[in-house]
Amino acid sequence: MKTRDKIIDIAVQLFNEHGTKAISTNHIAAAAGISPGNLYYHFRNKEDIIRAIFEQMDAYGVEQYQIILDNYPPGTIEALERTFIMIQEYNWQYRFFKRELTALIMNDTLLKERFHATNNQMKDMIRFTIDGGISNGSIKPMSVGNKEHFVDAIWLVALFWLNYLEVGGEEVNKTTLRRGNHVLRTVLSRYLMDDSAVDK
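Under the working numbering, the first residue of the sequence shown carries the number 1, and numbering increases by one thereafter.
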């Protein structure tokens, strides 16, 4: 593994376990088995490492979404649920970022701009899926305004379900993460042409 990639992987592990505030570049260098100077050859500071982690997150999310599109017709409940599960696995893999999301983007202008771009991209993906469902008849036609409300509802559940579990004191595991699917199905139910699909 390249040194730069190793630094990123170690940083994700440490941030997930301890949070970003408790971890310094020296901690990351020590855990990676390299000198601080070697770390600074690749990254200027901790913020630079966090930005690199986000770039990795972004690339991973796009790659996984493309796999879903290749295997499930857009607009089907299966595609929406697979997307939700993918996002939850992604959120867990990089859980420090979701836990500290507001603080991280408010304290770093570059990261904030990048996150907003990705956030808009993800909402565009949801719109694409909804439009596909309307075209193939699995989702009811709706006004532009209602579609935006639908997008917001899906994205809120997908983006913050892990946070909801942790704030409520629940253990985050496969069972509780997948319970979010039932919440998503409830959101979907009013828009599906075949309402019985939500009970499957």
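The beta-carbon is built from N, C-alpha and C at its ideal position, and this holds for glycine as well.
Cutoff 7 Å; reference I68; Cβ partners in own chain excluding five residues on either side: A79, R82, T83, M86, listed in sequence order.
Go through its chain and collect everything with a Cβ distance to R51's Cβ below 8 Å, but skip five positions before and after it. Once the five neighbours on either side are set aside, the close Cβ partners of R51 are D108, L110, L111, R114.
Do the region 23-32 and the region 57-64 touch if we need at least three Cβ pairs shorter than 8 Å? At 8 Å Cβ cutoff, the stretches do not touch.
Given 8 Å, three or more beta-carbon pairs between the region 117-126 and the region 170-182: With the cut-off at 8 Å, the region 117-126 and the region 170-182 do not touch.
Roughly how many angstroms separate the alpha carbons of L14 and V172, rounded to a whole number? Our two residues, L14 and V172, have alpha carbons roughly 18 Å apart in a direct line.
Verify whether the separation of the beta carbon atoms of F150 and I134 is less than 8 Å. The answer is no: Cβ separation not under 8 Å.
Residue range of the alpha helix (DSSP H) that includes N45: Neither: N45 is in no alpha helix (DSSP H) and is coded neither H nor E.
Beta-carbon proximity list for Q56, same chain, < 7 Å, skipping 5 on both sides: Once the five neighbours on either side are set aside, the close Cβ partners of Q56 are I8.
Could you check where the alpha helix (DSSP H) with Y90 kicks off and where it finishes? In this chain, the alpha helix (DSSP H) harbouring Y90 covers 77-93.
Please state the DSSP three-state secondary structure of I139. Reduced to three states, the DSSP call for I139 is strand.
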